[in-house]
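Chemist: In mature numbering (1 follows the signal peptide of the UniProt record, and there is no 0), the protein residues as written are -22 to -1, 1 to 271.
Each residue gets a CB set at the ideal place from its N, CA and C atoms; glycine is no exception.
Note that the structure is predicted; figures quoted are calculated from it, not measured.
Pasting a structure below so you can have a look.
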């Protein structure tokens, strides 16, 4: 939080110095609209819709955890230039409120507001729900059309293609979960609550929030329930969950399977799209849950 206040102070001085006209529309050097997103999944959705008609920048770099990321001073200049800013909300970007207010930006999409009444205050992982992702993508399309009406048909066509792909993945999950022996999935980090609820699954997690690490007691309780359920695999995010998986493995024999939270990607996943990683998640669930049986 101290860093957030420092960033606000830096940007306040920048604004007062007369170097910024934040209310002026600021397309890129190419003349294309600039979309700036806080985290990876929204950058991917924006790219699917924007195609080559707009530029997309994700503030959180590869390897950054969405829960811990805070913008650098240089990111403030990027935000100042943005024609459209896409945030998650739900407490994931505590730095955003004051900075966006200082910028005077009125073109801001906040996923939490789009999904108002459908989400929980203690779970900001909206992007993992394919149903929510489609609604967020629609809002991105609508804002792009307003910003750049000359390319309206282009954005609408790209959105339609994206919406169709999201629906195909949704149907794959409906099919997978239509007849299962168990409807519980065990994860190291609670992120799949909305995704699980969409298909009548129950997520049971070792770490329910932003704990720095799991205690011995936490692990013992988690593994006791896991063993009682007779499950074979625990799901973990290979980008951010390796240390926790290693800690669990110190005292328990357990098999782990990758399930991407998409809170961020590392260099090994750079270039992979939201759709590709969600497809991989579904294939992993199919393998573990036995949806083909």
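So, does the stretch 206 to 213 touch the stretch 225 to 239, judging by three or more C-beta pairs under 8 Å?
Modeler: Output reads yes: the stretch 225 to 239 touches the stretch 206 to 213.
Chemist: By the DSSP assignment, the beta strand (DSSP E) with residue 13 in it spans what residues?
Modeler: Start and end: 12 to 15.
Chemist: Assign residue 49 to one of two classes, buried (16 or more other C-beta atoms within 10 Å of its C-beta) or exposed (fewer than that).
Modeler: Per the 10 Å Cβ criterion, buried.
Chemist: For the pair the stretch 39 to 46 and the stretch 79 to 91, tell me if three or more CB-CB distances fall below 8 Å.
Modeler: The answer is no - the stretch 79 to 91 does not touch the stretch 39 to 46, with fewer than three Cβ pairs under 8 Å.
Chemist: Using a Cβ-Cβ distance cut-off of 8 Å, determine whether residue 224 contacts chain C.
Modeler: This model lacks chain C altogether; it includes just one protein chain.
Chemist: Would you say the stretch 60 to 67 touches the stretch 3 to 23, given that touching needs at least three Cβ pairs under 8 Å?
Modeler: At 8 Å Cβ cutoff, the stretches touch.
Chemist: Count the other C-beta atoms from every protein chain shown that fall within 10 angstroms of the C-beta of residue 173, then say buried if there are 16 or more, exposed otherwise.
Modeler: Buried, because 16 or more other Cβ atoms sit within 10 Å of the Cβ of residue 173.
Chemist: If you reduce the DSSP assignment to three classes, tell me which class residue 107 lands in.
Modeler: Residue 107 falls in the coil class under three-state DSSP.
Chemist: Pick from 7, 35, 252 and 28: whose alpha carbon is nearest that of residue 144?
Modeler: Closest by alpha carbon: 252.
Chemist: Report the three-state DSSP secondary structure of residue 45 (helix, strand or coil).
Modeler: Reduced to three states, the DSSP call for residue 45 is coil.
Chemist: Can you tell me which of 66, 223, 267 and 216 puts its alpha carbon nearest to the alpha carbon of residue 286?
Modeler: In the structure as shown, the chain begins at -22 and stops at 271. Residue 286 is therefore absent and cannot be evaluated.
Chemist: Check each candidate in 110, 138 and 163 and name the one with the smallest Cα separation from residue 181.
Modeler: Of the listed residues, the one whose Cα sits closest to residue 181 is 163.
Chemist: Just confirm the distance between the C-beta atoms of residue 219 and residue 166, as a whole number of angstroms; I'd bet it's less than 8 Å.
Modeler: 5 Å between Cβ atoms; contact.
Chemist: Does residue 33 come out as helix, strand or coil in the three-state DSSP assignment?
Modeler: It is a strand residue.
Chemist: Alpha helix (DSSP H) containing residue 173: first to last residue?
Modeler: Where residue 173 is concerned, the enclosing alpha helix (DSSP H) stretches over 171 to 176.
Chemist: Flag this pair as touching only if the stretch 89 to 101 and the stretch 128 to 140 have three or more C-beta atom pairs under 8 Å; answer yes or no.
Modeler: As far as the Cβ criterion goes, the stretch 89 to 101 does not touch the stretch 128 to 140, which means the pair count is below three.
Chemist: Taking all protein chains shown into account, do 16 or more other C-beta atoms lie within 10 angstroms of the C-beta of residue 249, making it buried, or fewer, making it exposed?
Modeler: Label assigned to residue 249: exposed.
Chemist: Taking Cβ to Cβ, would you say residue 31 is nearer than 8 Å to residue 129?
Modeler: Yes; because the gap between Cβ atoms is below 8 Å, this pair is in contact.
Chemist: Quick check: the Cα distance between residue -3 and residue 84, rounded to an integer number of angstroms?
Modeler: In this predicted model, residue -3 has a pLDDT of only 46, less than 50, meaning its place in the structure is not dependable; the value taken from the coordinates is given anyway. If you take the alpha carbons of residue -3 and residue 84, they lie about 16 Å apart.
Chemist: Within 10 angstroms of the Cβ of residue 3, are there 16 or more other Cβ atoms? Answer buried if so, exposed if not.
Modeler: Model confidence at residue 3 stands at a pLDDT of 46, short of 50, so the residue's coordinates are unreliable; what they give is reported in the following sentence. So residue 3 counts as exposed.
Chemist: With burial defined as no fewer than 16 other Cβ atoms inside 10 Å of the residue's Cβ, what is the status of residue 19: buried or exposed?
Modeler: Looking at its Cβ environment, which holds 16 or more other Cβ atoms inside 10 Å, residue 19 is buried.
Chemist: Bridge partners of residue 183, per DSSP?
Modeler: Looking at the DSSP assignment, residue 183 forms a beta bridge with 165.
Chemist: Mind checking whether residue 86 and residue 68 have CB atoms under 8 Å apart?
Modeler: Their beta carbons are not under 8 Å apart, which means residue 86 does not touch residue 68 by this criterion.
Chemist: Give a yes or no on whether the C-beta atoms belonging to residue 200 and residue 106 are separated by under 8 Å.
Modeler: In this structure, residue 106 does not lie closer than 8 Å to residue 200 by Cβ.
Chemist: What's the C-alpha gap between residue 272 and residue 241?
Modeler: An answer regarding residue 272 cannot be provided, because it is not within the stretch -22 to 271 covered by the chain.
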